[in-house]
Amino acid sequence: MLNFLDGNIIKKVIPVFIFLFAFALRVYGIDWDQNQHLHPDERFLTMTTDAMIWPESLAEYLSPSISKLNPYNLGTAFYVYGTLPTTIVKYFSRSELFDVFQYNNIALTGRLISAIFDVGVVILVYFISKNIFNRKTALLSAFLYSVSVLPIQLSHFFAVDTFLNFFLALTFYFLIKLISGNKYYFSIGLGLSYGAALACKISALYYLPVILLGYFFYFLKSRSSLNTIYHILFTVSFSVLTFRFLDPHVFTGNLFPPEISPQFIKNIIELQTMGVRGSTFPPAIQWHNITPIIFPLKNIVLWGLGLPLGVLSVIAVIYKIVELFIGLFKTNNLKSFYNNLIVILSSHPTNSFHALFPSDLPFLCHPLS
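Quick look at the structure:
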């Protein structure tokens, strides 16, 4: 079978087949609720997107006080998502191609775009694994992610998860390229993609240790403090500018320096209080008796990947961590070791409020492959 995969035609056809198969799984039954709007977060985003009015100029778009793409200007006092997903869906909802001038069709358009972004994750899983390991491993990694349970489910919702997952995977791709390539456009791409991830959901901040770890490995390889600092400056600058441009509602009217909106800070504080133990906020009650680390791990195994793939992935990660700790300082193992550490960071107790982070799943497929 492995020799069969070496054929030139198969090399080109199999990845395309996997990507098309992933797309088919993600759009099948896309109107699963028949316009009943049963998903509460999706319903909220649909209502918000429906109320948005496309700005007449770039200046209006960038001005949080007057932009009608800013939920705070639409009578919404509490909004903790980014506006990049809603802005994208609003843009396409204005297109005659999609014919989405009705409220019901906004959710369907959002689901289709959500599915497309998650297929983008499948493609990124392929190229990430190809850079870290080899083509055969990349094919298997992409296939395993394409059939994972949670990504397929999330692709059927107009929510921010697949958007966030795509840009975090793209961030990791640029990190891998930076470590191996030492090009400044990789650090720029890293900044652009991470800024876009923040514009999808502020929880992308949890990914910051992964980026710092990537730069640590870059320093180990380059042995150049000056180059490392330059790359970090590029990444930080483009992250901030991209975040400011793609999610203006988080900021005040000032472009330089970009100041965070007091209303957004208030919302985040409110959200944190909802998540503490003993909170009477109805959606938070289900999290009262959970065990940190064990809870997200259980959900990843049972509902994220599915039981067979989930168990095998955990075993594979443990095996690779032990194997790579033994040869930690071998340069050919640095990127693989880095990839496995991401799984540990993603299961940190700070994530215990969440069922699981979808951004964990692409990286669980690599060590198993």
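The sequence shown maps to residues 1 to 369 in the UniProt record's numbering.
Every residue gets a Cβ at the ideal spot worked out from N, C-alpha and C, and that includes glycine.
Here the structure is a predicted model, which means the values were calculated and not measured.
> Shortest alpha-carbon distance to G181 belongs to which of K201, L150, N131?
Replying inline: Start at 1 with the first residue of the sequence shown, and residue 181 comes out as number 181. The shortest Cα separation from G181 among K201, L150, N131 belongs to N131.
> From this set, F251, K266, L307, which residue's C-alpha is nearest T83's C-alpha?
Replying inline: For the purposes of this step, residue 83 is identified with residue 83 of the sequence shown, where counting begins at 1. The residue with the shortest Cα to Cα distance from T83 is F251.
> How would you call K11, buried or exposed, if buried means at least 16 neighbouring beta carbons within 10 angstroms?
Replying inline: Taking the sequence shown and counting its residues from 1, one reaches residue 11 at position 11. The residue is exposed, with fewer than 16 neighbouring Cβ atoms inside 10 Å.
>> For E270, report the span of its alpha helix (DSSP H) as first-last.
In response: Position 270 of the sequence shown, counted from the start, is the residue given in the question as residue 270. 262-274 is the span of the alpha helix (DSSP H), which, as asked, contains E270.
>> Here's the rule: buried if 16 or more other CB atoms are within 10 angstroms of the residue's CB, otherwise exposed. What is K90?
In response: Walking along the sequence shown from the start, residue 90 turns up at place 90. Its Cβ being crowded by 16 or more others within 10 Å, K90 is buried.
> Taking DSSP as the reference, what is the three-state secondary structure of F251?
Replying inline: Residue mapping note: residue 251 aligns to position 251 of the sequence shown, counting from 1. Three-state result, F251: strand.
> By the 10 Å Cβ neighbour count, where 16 or more other Cβ atoms means buried, how is D161 classified, buried or exposed?
Replying inline: Locating residue 161 in the sequence shown gives position 161, where the first residue counts as 1. Its Cβ being crowded by 16 or more others within 10 Å, D161 is buried.
> If Y173 and I128 are in contact, beta carbons under 8 angstroms, what's the gap, nearest whole angstrom?
Replying inline: As a first step, residue 173 must be located in the sequence shown, where it is residue number 173. As a first step, residue 128 must be located in the sequence shown, where it is residue number 128. Indeed they touch by this definition, with Cβ atoms about 5 angstroms apart.
> DSSP three-state call for K201: helix, strand or coil?
Replying inline: In the sequence shown, counting from the first residue as 1, residue 201 sits at position 201. Reduced to three states, the DSSP call for K201 is strand.
> In the structure shown, what three-state DSSP assignment does L62 receive?
Replying inline: By 1-based counting over the sequence shown, the position of residue 62 is 62. In the three-state reduction of the DSSP assignment, L62 falls in the helix class.
> How many whole angstroms separate the CB atoms of P262 and V240, which I take to be in contact at a CB cut-off of 8 angstroms?
Replying inline: The count along the sequence shown starts at 1 and reaches residue 262 at position 262. The count along the sequence shown starts at 1 and reaches residue 240 at position 240. That belief does not hold up - the Cβ atoms of P262 and V240 are roughly 19 angstroms apart, past 8 angstroms.
> Roughly how many angstroms separate the alpha carbons of F143 and Y319, rounded to a whole number?
Replying inline: Within the sequence shown, numbered from 1, the residue matching residue 143 stands at position 143. Within the sequence shown, numbered from 1, the residue matching residue 319 stands at position 319. One Cα belongs to F143, the other to Y319, and the distance between them is close to 21 angstroms.
> For R244, which of I53, T46, N70, V27 has the nearest alpha-carbon?
Replying inline: As a first step, residue 244 must be located in the sequence shown, where it is residue number 244. The shortest Cα separation from R244 among I53, T46, N70, V27 belongs to N70.
> Excluding sequence positions up to five away, which residues of its chain have a Cβ less than 7 angstroms from the Cβ of L170?
Replying inline: Along the sequence shown, one-based indexing puts residue 170 at 170. Excluding positions up to five away in sequence, the list reads L124, S193.
> Apart from the five residues just before and just after T331, which ones in its own chain have a Cβ nearer than 8 angstroms to its Cβ?
Replying inline: Working through the sequence shown from its first residue, we reach residue 331 at position 331. Because the pLDDT at T331 is just 48, under 50, the model does not fix this residue reliably, and the value given afterwards should be weighed accordingly. Same-chain partners within the cutoff: K221.
>> Bridge partners for residue 381 per DSSP, in chain order?
In response: The shown model of the chain, from 1 to 369, leaves out residue 381, and the question about it has no answer.
>> Please identify the residue among H37, N289, G304, L205 whose C-alpha is closest to the C-alpha of Y81.
In response: As a working mapping, residue 81 is identified with position 81 in the sequence shown. Selected option, being the one with the closest Cα: L205.
>> Tell me the DSSP secondary structure of K183 in three-state form.
In response: Along the sequence shown, one-based indexing puts residue 183 at 183. K183: coil per DSSP, three-state reduction.
>> Does Q153 come out as helix, strand or coil in the three-state DSSP assignment?
In response: Numbered from 1 along the sequence shown, position 153 holds the residue referred to as residue 153. Note: Q153 maps to helix in three-state DSSP.
>> Would you call the region 144-153 in contact with the region 306-320, where contact means no fewer than 3 C-beta pairs closer than 8 angstroms?
In response: The region 144-153, when compared against the region 306-320, does touch it at the 8 angstroms Cβ threshold.
> Run through DSSP, which three-state label would G310 get?
Replying inline: Taking the first residue of the sequence shown as 1, we reach residue 310 at position 310. Looking at G310 - three-state DSSP - the assignment turns out to be helix.
> Rounded to a whole number of angstroms, what is the C-alpha to C-alpha distance between Y103 and D50?
Replying inline: On the sequence shown, residue 103 is found 103 positions in, with the first residue counted as 1. On the sequence shown, residue 50 is found 50 positions in, with the first residue counted as 1. Whole-angstrom Cα-Cα distance: 6 angstroms.
> If F163 and F117 are in contact, beta carbons under 8 angstroms, what's the gap, nearest whole angstrom?
Replying inline: One-based indexing of the sequence shown puts residue 163 at position 163. One-based indexing of the sequence shown puts residue 117 at position 117. With 8 angstroms as the limit, F163 and F117 qualify as a contact, their Cβ atoms being about 5 angstroms apart.
>> Taking the alpha helix (DSSP H) that D50 belongs to, which residues open and close that run?
In response: To locate residue 50, count along the sequence shown from 1; it is residue 50. From DSSP, the alpha helix (DSSP H) with D50 extends over 40-51.
> Taking the C-alpha atoms as reference points, what is the distance between F281 and I290?
Replying inline: Taking the first residue of the sequence shown as 1, we reach residue 281 at position 281. Taking the first residue of the sequence shown as 1, we reach residue 290 at position 290. Taking the straight line joining both Cα atoms gives about 16 angstroms.
>> So, for P40: in the same chain, excluding its five sequence neighbours on each side, which residues have a beta-carbon less than 6 angstroms away from its beta-carbon?
In response: In the sequence shown, residue 40 corresponds to position 40, counting from 1. Only residues of its own chain outside the window of five on either side were considered, and among them none has a CB closer than 6 angstroms to the CB of P40.
>> In whole angstroms, give me the CA-to-CA distance for P64 and Y79.
In response: Position 64 of the sequence shown, counted from the first residue, corresponds to residue 64. Position 79 of the sequence shown, counted from the first residue, corresponds to residue 79. One C-alpha to the other measures close to 14 angstroms.
>> Applying the 10 Å Cβ sphere with the 16-neighbour rule, what's the burial state of Y215?
In response: Position 215 of the sequence shown, counting from 1, holds the residue named residue 215. So Y215 counts as buried.
> Exposed or buried, A24, counting other C-beta atoms within 10 Å across all chains shown (16 or more means buried)?
Replying inline: As a working mapping, residue 24 is identified with position 24 in the sequence shown. So A24 ends up on the exposed side.
> Any idea what DSSP makes of S141, helix, strand or coil?
Replying inline: Residue mapping note: residue 141 aligns to position 141 of the sequence shown, counting from 1. S141 falls in the helix class under three-state DSSP.
> Would K266 be called buried (16 or more neighbouring beta carbons within 10 Å of its own) or exposed?
Replying inline: On the sequence shown, residue 266 is found 266 positions in, with the first residue counted as 1. K266 comes out exposed.
> Is the beta carbon of S155 less than 8 angstroms from the beta carbon of S114?
Replying inline: Indexing the sequence shown from 1 puts residue 155 at position 155. Indexing the sequence shown from 1 puts residue 114 at position 114. Closer than 8 angstroms, so yes.
>> Which same chain residues end up closer than 8 angstroms to I211 when comparing Cβ atoms and leaving out the 5 residues on each side of it in sequence?
In response: On the sequence shown, position 211 is the one that residue 211 refers to. Excluding positions up to five away in sequence, the list reads T171, L175, L190, Y194, T235.
>> Cutting at 8 angstroms between CB atoms, please list the residues of its own chain near G75, excluding the five before and the five after it.
In response: As a working mapping, residue 75 is identified with position 75 in the sequence shown. Within the same chain, G75 has close Cβ partners A51.
> What are the boundary residues of the alpha helix (DSSP H) that G120 is part of?
Replying inline: Within the sequence shown, residue 120 is the residue found at index 120, counting from 1. Per DSSP, G120 belongs to the alpha helix (DSSP H) from 103-132.
> If you compare alpha carbons, which of A284, F157, V322 is closest to R26?
Replying inline: Sequence index remark: in the sequence shown, residue 26 carries index 26 (1-based). For R26, the nearest C-alpha among the options comes from F157.
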